[in-house]
Amino acid sequence: MTATYARDGAIAIIEINNPPVNAASAALRAGLADAIGRFAGDDLARVAILQCAGRTWIAGADISEFGKPPQPPLLPDVIAQIEAMPKPVIAAMHGTALGGGLEVALGAHYRIAAAGAEMGLPEVTLGILPGAGGTQRLPRLVGLAPAVDLITSARRIGAEEALKIGLIDRIAEGDLNEAAREYAQSLVDAQAGPRPCAAMAPPQIDEDLVAGLRARLAKRYPGQIAQLRAVDSVVEGGLLPLPEGLAQEREKFTELMDSPQRSALIHAFLSERAVAHLPELEGVLPRDLTQLGVIGGGTMGAGIAASALLSGLAVTLTERDRPAADRAAGTVAGILRGAVKRGKITQSRCDAILAEKFTSADSYDALTDADLIIEAVFEKIEVKQQVFSALDRVAKAGAVLATNTSYLDVDRIAEMTSRPQDVIGLHFFSPAHVMRLLEVVAAGKTAPDVVATGFLLARRLGKIGVRAGNCDGFIGNRILTHYRAAADAMVLDGASPYQIDRAVTAFGFAMGPYAVSDLAGLDIGYFTRQRRAPDRHSRDRIPVFADRLYELGRLGRKTGRGYYIHDEDSPGGREDPELADLLTQVRGELGLVEKSFTDDEIVARYMAAMVNEGARVVADGTALRPLDVDVVMLNGYGFPRWRGGPMHWADQYGLASILKDIEGYSREDDHFWQAAPLLRQLVESGRDFADLNRGKTA
Ligand code: 3HC
Ligand code: NAI
Numbered sequence: 001m002t003a004t005y006a007r008d009g010a011i012a013i014i015e016i017n018n019p020p021v022n023a024a025s026a027a028l029r030a031g032l033a034d035a036i037g038r039f040a041g042d043d044l045a046r047v048a049i050l051q052c053a054g055r056t057w058i059a060g061a062d063i064s065e066f067g068k069p070p071q072p073p074l075l076p077d078v079i080a081q082i083e084a085m086p087k088p089v090i091a092a093m094h095g096t097a098l099g100g101g102l103e104v105a106l107g108a109h110y111r112i113a114a115a116g117a118e119m120g121l122p123e124v125t126l127g128i129l130p131g132a133g134g135t136q137r138l139p140r141l142v143g144l145a146p147a148v149d150l151i152t153s154a155r156r157i158g159a160e161e162a163l164k165i166g167l168i169d170r171i172a173e174g175d176l177n178e179a180a181r182e183y184a185q186s187l188v189d190a191q192a193g194p195r196p197c198a199a200m201a202p203p204q205i206d207e208d209l210v211a212g213l214r215a216r217l218a219k220r221y222p223g224q225i226a227q228l229r230a231v232d233s234v235v236e237g238g239l240l241p242l243p244e245g246l247a248q249e250r251e252k253f254t255e256l257m258d259s260p261q262r263s264a265l266i267h268a269f270l271s272e273r274a275v276a277h278l279p280e281l282e283g284v285l286p287r288d289l290t291q292l293g294v295i296g297g298g299t300m301g302a303g304i305a306a307s308a309l310l311s312g313l314a315v316t317l318t319e320r321d322r323p324a325a326d327r328a329a330g331t332v333a334g335i336l337r338g339a340v341k342r343g344k345i346t347q348s349r350c351d352a353i354l355a356e357k358f359t360s361a362d363s364y365d366a367l368t369d370a371d372l373i374i375e376a377v378f379e380k381i382e383v384k385q386q387v388f389s390a391l392d393r394v395a396k397a398g399a400v401l402a403t404n405t406s407y408l409d410v411d412r413i414a415e416m417t418s419r420p421q422d423v424i425g426l427h428f429f430s431p432a433h434v435m436r437l438l439e440v441v442a443a444g445k446t447a448p449d450v451v452a453t454g455f456l457l458a459r460r461l462g463k464i465g466v467r468a469g470n471c472d473g474f475i476g477n478r479i480l481t482h483y484r485a486a487a488d489a490m491v492l493d494g495a496s497p498y499q500i501d502r503a504v505t506a507f508g509f510a511m512g513p514y515a516v517s518d519l520a521g522l523d524i525g526y527f528t529r530q531r532r533a534p535d536r537h538s539r540d541r542i543p544v545f546a547d548r549l550y551e552l553g554r555l556g557r558k559t560g561r562g563y564y565i566h567d568e569d570s571p572g573g574r575e576d577p578e579l580a581d582l583l584t585q586v587r588g589e590l591g592l593v594e595k596s597f598t599d600d601e602i603v604a605r606y607m608a609a610m611v612n613e614g615a616r617v618v619a620d621g622t623a624l625r626p627l628d629v630d631v632v633m634l635n636g637y638g639f640p641r642w643r644g645g646p647m648h649w650a651d652q653y654g655l656a657s658i659l660k661d662i663e664g665y666s667r668e669d670d671h672f673w674q675a676a677p678l679l680r681q682l683v684e685s686g687r688d689f690a691d692l693n694r695g696k697t698a
């Protein structure tokens, strides 16, 4: 039973129940339509309350039905049925009223929400637009500007703001269902009639507002279509009666539903949830997680500590000596003050966190109570090994011992302890209090409940945990090393780093690889190359130009110059004419003949390298499935979400085409460009990465 109908006196109560989030599935739509039909036929019922059981109001259309033939009754029809009721219908919302869920409430005649309820139209983040009347009814109810803001930003608003803009009529004081009853009774007493959005005037279209909005959206969401189509739908609807407005909205909705961007964005949404479902963790309980220890309070340690404090965990951070501990404590306090400035926490909450939940120390002895200790010291195996032998002496039995290493072998770190089963890699991304990705690296002897604790930590911090196997660079940095090498090879052969950055940002990446180098610091890449030098193959191509920049002290933003020049006029960086001379000189010294690359060729090589290494990462079990690779690249490496991640993109592009590209490149360099066996197998068997995600084998 997805919807029940009951009556108490003159008040009908329709309760929706479709766990976990009351998604508007075909069954829910049918149940709701049936219950509304009963209300229509119940002469004793004068007002109906629509309410939901469980943790939330309807959280939207059922995303798992997208891409399949629609099953009647369709949501717009059920909403039209509600709106057309000759007797008032009240929507009583709690939890998250999102997308089609909010559209159901817009079809009702009166709206009340619990104080903690949140409302929003997140459709554009899924590559579609509100397709069950949202672009037509919301502007009628709240006016043009607030409506287009909510529809195009996809932001969620709380009950207070919803009341202010007129989206709801009341906020429930105390229990929502009781408050809804009182509201219903007041309508019965007042003999109030229905108040449908359909009867409200369409919004006045302010051409200047719309033109400004379109320009901002095109800049903010380059390449994406849903936001602009949503604006089209609001604007066109503003000139039409509701039925025609709804019809044109549906047309645009269907067009977006069939777009590759929708399929990519839904893939991203579902994959971000699928990564937490690990067969190895079924029935495994995580360990206690209250007190966190962090060792090293530099860039990462301070960010990790702040992220944990903001999520309510208690944190003890240790540094090498008292002055370093004080500096680290200052950095953590600075991050929390930033959260106050951005309205994430209040000043008094910030003060309370720092006074009651945070300690900085200069000795490991302060960590004896910690349930989980994360090491974030220098990226040197000897230093990390020393830290772990010391930790083995002080940490309490059962404490999880984690390293935030970017590349190093977690087994070699674990073997310094008498408890390798408790050791794990927890690879955060910078800035750690902002970036949502957490690679949970299971080493050779890591116990399942330690992996489960890594995932619990991710959830507690509001991050997305992805399981990774232990290898040089885990999932993300290993793939990064590979596509970065493809980019560097193109620079050696004649491409300009600026052209590469421009080509890949035009593809949709947040940044190009050389702008990223400047941001992270060219020293990081230099030291990684030094570390790997002993294992280098004689045919590996060395980015001599990058070493040369490092030797010149051009370390990127922190020194004002790297690939780009960074100064007050251009903090983000501007092109440096001298770089071309340095590149010409390096190519000359290496005896390389310069050639030119088109932007398409640059992107094709960059992506082929990414996908090829992604296939290897999946084949050797470092990533469980292609979707885990996608989630890592989307959330840690600025991959454009509307392209779904490299493996999803590869399926769309065609695995056979990628294989053909790689075979072509291998005629120039058959050392670097070797097709991953998994890629070849998939092409030969006519399968793709999506098949692997569904559990089919290659
Ligand atoms: N359809 C189907 N399943 C959904 C769903 C939806 N709309 N929303 C969530 N789920 C599933 C999740 O996949 C997850 O499944 P799992 O347990 O198998 O992994 C489960 O419900 C719980 O979801 P979360 O882990 O995300 O739970 P949270 O409590 O963290 O968050 C939420 C709850 C805020 C509702 C969040 O799930 C969310 O944002 N959902 C999507 C909301 C949305 O985008 N709605 C708009 C849909 S498009 C639409 O309505 C079109 C319309 O205009 C016609
Ligand atoms: P950092 O140099 O900013 O900070 C390291 C801190 O560790 C310093 O404050 C230092 O005083 C402290 N430290 C060193 N030895 C210590 C010891 N024995 N006990 C206590 N404190 C000690 O380095 P960063 O960038 O924070 O990196 C830390 C780790 O995180 C490295 O392993 C790095 O590879 C990894 N990492 C870095 C990322 C980044 O973007 N910076 C991203 C993800 C991981």
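Per full-length UniProt numbering, the very first residue in the sequence shown carries number 1; after that it's consecutive.
Every residue gets a Cβ at the ideal spot worked out from N, C-alpha and C, and that includes glycine.
Note that the structure is a prediction, hence the values are computed from the model and not measured.
Notebook entry, point to check: Starting from I165 and walking both ways along the alpha helix (DSSP H), at which residues does that stretch end?
Noted result: Numbered from 1 along the sequence shown, position 165 holds the residue referred to as residue 165. I165 -> alpha helix (DSSP H) spans 159-165.
Next item on the list: For the alpha helix (DSSP H) holding F269, just list the boundary residues, first then last.
Entry: Locating residue 269 in the sequence shown gives position 269, where the first residue counts as 1. Taken as a continuous stretch (DSSP letters only), the alpha helix (DSSP H) holding F269 covers 260-274.
Note to self: Measuring straight from C-alpha to C-alpha, what distance separates T559 and R587?
What the structure shows: On the sequence shown, position 559 is the one that residue 559 refers to. On the sequence shown, position 587 is the one that residue 587 refers to. Near 25 Å, if we compare the C-alpha coordinates of R587 and T559.
Notebook entry, point to check: Between which two residues does the beta strand (DSSP E) harbouring A397 extend?
Noted result: Within the sequence shown, the letter at position 397 stands for residue 397. Here A397 belongs to no beta strand (DSSP E), and DSSP marks it neither H nor E.
Checklist line | Expected contact under 8 Å - CB spacing of A48 and G100 to nearest Å | finding: Locating residue 48 in the sequence shown gives position 48, counting from the first residue. Locating residue 100 in the sequence shown gives position 100, counting from the first residue. Incorrect: roughly 19 Å between the Cβ atoms, too far for contact.
Margin query: By alpha-carbon positions, which one of L317, F597, I374 ends up nearest to Y498?
Written below: Here residue 498 corresponds to residue number 498 of the sequence shown, with the count starting at 1. Measuring from the Cα of Y498, the nearest candidate turns out to be F597.
Next item on the list: Have a look at A179, V394, I413 and flag the residue whose alpha-carbon is nearest the alpha-carbon of T403.
Entry: The count along the sequence shown starts at 1 and reaches residue 403 at position 403. Looking at the Cα atoms, I413 is the closest of the given residues.
Next item on the list: Determine the extent of the beta strand (DSSP E) in which H427 is found, giving its start and end residues.
Entry: Taking the sequence shown and counting its residues from 1, one reaches residue 427 at position 427. Counting along the chain, the beta strand (DSSP E) containing H427 begins and ends at 423-428.
Next item on the list: Pair every Cβ in the stretch 75-82 with every Cβ in the stretch 20-33, then say whether three or more of these pairs are closer than 8 Å.
Entry: yes
Checklist line | Residues that DSSP places opposite Y564 in a beta bridge | finding: By one-based count along the sequence shown, residue 564 stands at place 564. According to DSSP, Y564 bridges with E575.
Notebook entry, point to check: At which residues does the beta strand (DSSP E) containing V466 begin and terminate?
Noted result: Here the question's residue 466 lines up with position 466 in the sequence shown. Per DSSP, V466 belongs to the beta strand (DSSP E) from 464-469.
Item checked: Cβ contact check for the stretch 211-219 and the stretch 106-119: 3 or more pairs under 8 Å -> no
Notebook entry, point to check: What's the gap between the Cα of G614 and the Cα of L624?
Noted result: The count along the sequence shown starts at 1 and reaches residue 614 at position 614. The count along the sequence shown starts at 1 and reaches residue 624 at position 624. Approximately 11 Å between the Cα atoms of the pair.
Check: Would you call the stretch 326-334 and the stretch 284-302 in contact, with 3 or more CB pairs under 8 Å?
Finding: yes
Margin query: For a test of your reading of the model: does the CB of T528 fall under 6 Å from any non-hydrogen atom of ligand 2? Yes or no.
Written below: What you label residue 528 is simply residue 528 of the sequence shown in a count that begins at 1. No, Cβ of T528 sits at least 6 Å from all heavy atoms of ligand 2.
Margin query: I need the straight-line Cα distance from I90 to A192, nearest angstrom please.
Written below: Looking up residue 90 in the sequence shown gives position 90. Looking up residue 192 in the sequence shown gives position 192. Cα to Cα, the separation comes out at about 12 Å.
Check: Any heavy atom of ligand 2 closer than 6 Å to the Cβ of E379?
Finding: The residue labelled residue 379 in the question sits at position 379 within the sequence shown. Answer for E379: yes, Cβ within range of ligand 2.
Checklist line | Bridge partners - I171, DSSP secondary structure assignment | finding: Residue numbering aside, residue 171 sits at position 171 when the sequence shown is read from its first letter. Paired residues: A113.
Next item on the list: Pick out whichever of D288, R337, D362 has its Cα sitting closest to the Cα of E319.
Entry: Here residue 319 refers to the residue found at position 319 when the sequence shown is read from its first residue. Measuring from the Cα of E319, the nearest candidate turns out to be D362.
Margin query: Are the CB atoms of Y483 and M610 within a distance shorter than 7 Å?
Written below: The sequence position of residue 610 within the sequence shown is 610, counting from 1. The sequence position of residue 483 within the sequence shown is 483, counting from 1. The answer is yes: Cβ separation under 7 Å.
Next item on the list: Could you spell out where the beta strand (DSSP E) holding G297 opens and where it closes?
Entry: Residue 297 sits at position 297 when you count from the first residue of the sequence shown. From DSSP, G297 is part of no beta strand (DSSP E); its letter is neither H nor E.
Next item on the list: Could you spell out where the beta strand (DSSP E) holding Y407 opens and where it closes?
Entry: For this step, residue 407 is matched to residue 407 along the sequence shown. It is not in any beta strand (DSSP E) - Y407 carries neither H nor E in the DSSP assignment.
Notebook entry, point to check: Excluding the five sequence neighbours on either side, which residues of its own chain have a C-beta within less than 6 Å of the C-beta of P543, listed in chain order?
Noted result: On the sequence shown, residue 543 is found 543 positions in, with the first residue counted as 1. D488, listed in sequence order.
Item checked: Sequence-distant residues of its chain with Cβ nearer than 8 Å to A45 (five each side left out) -> Taking the sequence shown and counting its residues from 1, one reaches residue 45 at position 45. Excluding residues within five positions, the ones whose Cβ falls inside 8 Å are R7, A10, I11, A12, F39, K87.
Checklist line | Cβ-Cβ distance between T417 and D392 below 7 Å | finding: Residue mapping note: residue 417 aligns to position 417 of the sequence shown, counting from 1. Residue mapping note: residue 392 aligns to position 392 of the sequence shown, counting from 1. Yes, Cβ-Cβ distance for T417 and D392 is below 7 Å.
Check: If you count every other CB in all the chains shown that lies within 10 Å of the CB of T96, and 16 or more means buried, which is it?
Finding: Counting from 1 along the sequence shown, the entry for residue 96 is found at position 96. The residue in question, T96, is buried, as its Cβ has 16 or more Cβ neighbours within 10 Å.
Next item on the list: Indicate, with yes or no, if ligand 1 has a heavy atom lying under 6 Å from the CB of I266.
Entry: Working through the sequence shown from its first residue, we reach residue 266 at position 266. No; taking the cut-off as 6 Å, the Cβ of I266 has no heavy atom of ligand 1 nearer than that.
Next item on the list: State yes or no: is the C-beta of V21 nearer than 6 Å to some heavy atom of ligand 1?
Entry: As a first step, residue 21 must be located in the sequence shown, where it is residue number 21. It does: the Cβ of V21 is within 6 Å (strictly closer) of some heavy atom of ligand 1.
Check: Is there at least one non-hydrogen atom of ligand 1 closer than 6 Å to the beta-carbon of I273?
Finding: Here residue 273 is taken as the residue at index 273 of the sequence shown, counted from 1. Correcting the residue identity first, residue 273 is Arg in this sequence and not Ile. The answer is yes for R273.
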